[in-house]
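Peer 1:
2 protein chains.
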Amino acid sequence: MLRIVIVEDDIYLREELIHTLKKAGYDALGPSSFENIEEELAALRPDLAILDVNLPGKSGYELCKSFKVKASFPILILTARDTLSDELMALGLGADDFLTKPCHPDRLIARTERLLQTYHKLRSLLQAGPLSLDTDTYKLTYTDRFLILAETEGKIMKLLMERFPNTVGKSELFFSVWETEEFVDENIVQVNMSRLRKSLSRLGIDNAVRNIRGKGYVLEVDGL
Amino acid sequence: MLRIVIVEDDIYLREELIHTLKKAGYDALGPSSFENIEEELAALRPDLAILDVNLPGKSGYELCKSFKVKASFPILILTARDTLSDELMALGLGADDFLTKPCHPDRLIARTERLLQTYHKLRSLLQAGPLSLDTDTYKLTYTDRFLILAETEGKIMKLLMERFPNTVGKSELFFSVWETEEFVDENIVQVNMSRLRKSLSRLGIDNAVRNIRGKGYVLEVDGL
DNA sequence: ATACCACTTACAGCTGTTGTAAGGTTTGTG
DNA sequence: CACAAACCTTACAACAGCTGTAAGTGGTAT
Chain Y
3 MLRIVIVEDD IYLREELIHT LKKAGYDALG PSSFENIEEE LAALRPDLAI LDVNLPGKSG
63 YELCKSFKVK ASFPILILTA RDTLSDELMA LGLGADDFLT KPCHPDRLIA RTERLLQTYH
123 KLRSLLQAGP LSLDTDTYKL TYTDRFLILA ETEGKIMKLL MERFPNTVGK SELFFSVWET
183 EEFVDENIVQ VNMSRLRKSL SRLGIDNAVR NIRGKGYVLE VDGL
Chain E
3 MLRIVIVEDD IYLREELIHT LKKAGYDALG PSSFENIEEE LAALRPDLAI LDVNLPGKSG
63 YELCKSFKVK ASFPILILTA RDTLSDELMA LGLGADDFLT KPCHPDRLIA RTERLLQTYH
123 KLRSLLQAGP LSLDTDTYKL TYTDRFLILA ETEGKIMKLL MERFPNTVGK SELFFSVWET
183 EEFVDENIVQ VNMSRLRKSL SRLGIDNAVR NIRGKGYVLE VDGL
């Protein structure tokens, strides 16, 4: 069942939305605390997020902006602020749709279904800044060029992008790519990093995979 | 430059829309005849189509419905009919967005940009009914399962989907897959068709590739 | 200066893909 | 039913690309 997370501080409206969406067959839920809403949203891994704009703490716009860097799920902004500039702001920050309160349940459902349908086709796509990786085929796309990575290189790239912008430790790499944390041969990491860097270079990307001596590797795509 | 085709019979509104979109940096154009609008649209291969609903001949809804089977470009419905049921109808037929006239140019541009951005990631996806094929990697997806085809099988599948629901002749197959219409060996087609069918069968798809004796092959995905 | 960590290149084994060959099955026609 | 043409299937060997190992070079912190 598809999970929809509603970030809305008005408790009545929130329950109404949850009710509407559940009736339509979705697993709808809404956090009531907005303390660590960013972490909570990430942990819930929703298939769609419906965000209000005026929230205690971070605004819906801020949330939208920070999530769209990794673009794992669609975001629908639902707000009482109905001016054109609000809509332009939301869409400009990467929101996938913009609706104003009050919103007829049927309209919400229709828009929701359309977003979920479109994003279903992007389900295997992992994003990190301007890079996107199809985790099934390891097709790596960067501005209009692409390249199909070999399996091992692809697994490494996937991990680097999932952890972006954090560092990936070597033990984590071993566990995730070779399914063992035991010492295979340290060298195997370096050989494959070398191969990955050469592949990235063929895409016109240099110095994106950075080694942190004694720690591991990070992806750096800020300058791209 | 991205091409946007506007299907709108009101000449003043059409020119206004074209002007707005051109100013925003798009290659906007609008056919003035609506005779063979379906073929014309297909031939123009737009990056986005903006459709009116009330058109001479086929309605925008009909156009939308028939194009969404192959889903090669996003469709925005722009109409004066502003009831909720019009919007639900449009979205239900697969339209990617729904706006009502009159529409502020900035809103149109913002929605347009969002659609183009989203579809940019789907650019390599070819659709035929419930099947979709990534033409870069030959990843074939069918309801939540997928499979990566070998290059030759993928090229054949690509051609079958591009021509869907028409038959693909053998000479066309040779030309498109083996880059020669000369006699290689007739058998090579049959061997690879056999392989493709076996692959499709692993996805749970049987009898989708049908031979027309003496003519060629067709994809049949109606029952799927 | 030294020890450690990281990088690069070469190589051989392995895997998956491809066309050819050979033989079997289906379909249409007289 | 007999026959031929068209189509299907399986097996096989050549080939290409991927992977880990090995060996040697380069860089860095103490």
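One line per chain: the protein sequences are Y and E, in this order. Those letters in the first sequence? Residues 3 to 226, by our numbering. Those letters in the second sequence? Residues 3 to 226, by our numbering. Note that the Cβ used here is the ideal one computed from N, Cα and C, for glycine as well.
(1) Please identify the residue among Asn168/E, Arg215/E and Leu175/E whose C-alpha is closest to the C-alpha of lysine 157/E.
(2) Of the choices Glu164/Y, Ile150/Y and Glu222/Y, whose alpha-carbon is the least far from that of arginine 204/Y?
(3) 7 Å is my cut-off, CB to CB: does alanine 152/E come that close to chain Y?
(4) Could you tell me the alpha carbon to alpha carbon distance between alanine 26/Y and alanine 51/Y, rounded to whole angstroms?
(5) So what does DSSP say about leucine 124/Y, is it helix, strand or coil?
(6) Spell out whether any CB of chain E is found under 7 Å from the CB atom of arginine 116/Y.
(7) Which residues in chain Y have a C-beta closer than 8 Å to the C-beta of alanine 112/E? List them in chain order.
(8) Pick helix, strand or coil for tyrosine 14/E, following the three-state DSSP scheme.
(9) Relative to the C-alpha of threonine 120/Y, which residue among Val55/E, Ala73/E, Leu221/E and Glu115/E is closest?
(10) Compare the Cα-Cα distances from aspartate 29/E to each of Ile13/E, Leu226/E, Val7/E and Met91/E and report the closest residue.
(11) Buried or exposed for glycine 218/E, please, with buried defined as at least 16 other CB atoms from any protein chain shown within 10 angstroms of its CB.
(12) Nearest to alanine 112/Y by CA position, among Gly225/Y, Glu37/Y, Thr22/Y and Asp224/Y, is which residue?
(13) Unbroken alpha helix (DSSP H) runs of length 4 or more, entirely within the stretch 80-128 of chain Y: which are they?
(14) Report all residues from its chain with a CB closer than 6 Å to the CB of threonine 143/E; omit the five preceding and five following residues, and keep chain order.
(15) With a CB to CB cut of under 8 Å and the five nearest residues on each side skipped, what residues in its chain are close to leucine 78/Y?
(16) Have a look at the DSSP bridge pairing and note the partners of alanine 51/Y.
(17) Mind checking which residues open and close the beta strand (DSSP E) that includes arginine 147/Y?
(18) Please list the partners that arginine 109/E has in chain Y, where partner means a Cβ-to-Cβ separation under 7 Å.
(19) Let me check understanding here. Comparing Cα to Cα, which of Arg147/E, Leu90/E, Gly206/E and Tyr140/E lies closest to leucine 162/E?
(20) Sorry if obvious, but does the Cβ on threonine 143/E come closer than 6 Å to a heavy atom of the ligand ADP?
(21) Please list, in chain order, the chain E residues whose beta carbon lies closer than 7 Å to that of phenylalanine 148/Y.
(22) Would you say leucine 124/Y lies against chain E (beta-carbon separation less than 7 Å)?
(23) Using only alpha-carbon positions, find the residue among Gly206/E, Arg215/E and Gly216/E that is nearest to valine 223/E.
(24) In this structure, does DSSP put leucine 205/E in helix, strand or coil?
(25) Do you know how far the Cα of valine 55/E is from the Cα of serine 61/E?
Peer 2: According to the data block:
(1) Of the candidates Asn168/E, Arg215/E and Leu175/E, the one whose C-alpha sits nearest the C-alpha of lysine 157/E is Leu175/E.
(2) Here the closest residue by C-alpha is Ile150/Y.
(3) It does not; no Cβ of chain Y falls within 7 Å.
(4) Roughly 16 Å between the two C-alpha positions.
(5) Looking at leucine 124/Y - three-state DSSP - the assignment turns out to be coil, as it is neither helix nor strand.
(6) For arginine 116/Y, at least one C-beta of chain E is nearer than 7 Å to its own C-beta.
(7) Those within 8 Å of alanine 112/E in chain Y are Glu89, Leu90, Leu93 and Gly94.
(8) In the three-state DSSP reduction, tyrosine 14/E falls in the helix class (H, G or I).
(9) The shortest Cα separation from threonine 120/Y among Val55/E, Ala73/E, Leu221/E and Glu115/E belongs to Ala73/E.
(10) Measuring C-alpha to C-alpha distances from aspartate 29/E to each of Ile13/E, Leu226/E, Val7/E and Met91/E identifies Val7/E as the nearest.
(11) With 16 or more Cβ atoms within 10 Å of its Cβ, glycine 218/E is classed as buried.
(12) The shortest C-alpha separation from alanine 112/Y is found at Thr22/Y.
(13) Taking 4 residues as the minimum length, the alpha helix (DSSP H) runs contained wholly in the stretch 80-128 of chain Y are 86-94 and 107-122, in order along the chain.
(14) Counting only Cβ-Cβ distances below 6 Å, and skipping sequence neighbours, we find Ser134.
(15) Counting only Cβ-Cβ distances below 8 Å, and skipping sequence neighbours, we find Leu50, Ala51, Ile52, Leu53, Ala97, Asp98, Asp99, Phe100, Leu101, Arg113, Thr114 and Leu117.
(16) Looking at the DSSP output, alanine 51/Y sits in a beta bridge with Val7/Y and Ile77/Y.
(17) Element bounds for arginine 147/Y: 147-150.
(18) At a beta-carbon threshold of 7 Å, the residues of chain Y lying near arginine 109/E are Leu86 and Glu89, ordered along the chain.
(19) That would be Tyr140/E, whose Cα lies nearest to the Cα of leucine 162/E.
(20) Within the structure as shown, the ligand ADP is missing, as the structure has no ligands at all.
(21) The answer, in chain order, is Asp138.
(22) Yes, leucine 124/Y lies at the interface with chain E (some Cβ there is under 7 Å from its Cβ).
(23) In this structure, Gly206/E is the residue among Gly206/E, Arg215/E and Gly216/E with its C-alpha nearest to the C-alpha of valine 223/E.
(24) Coil, per DSSP.
(25) Rounded to whole angstroms, serine 61/E to valine 55/E spans 5 Å at the Cα level.
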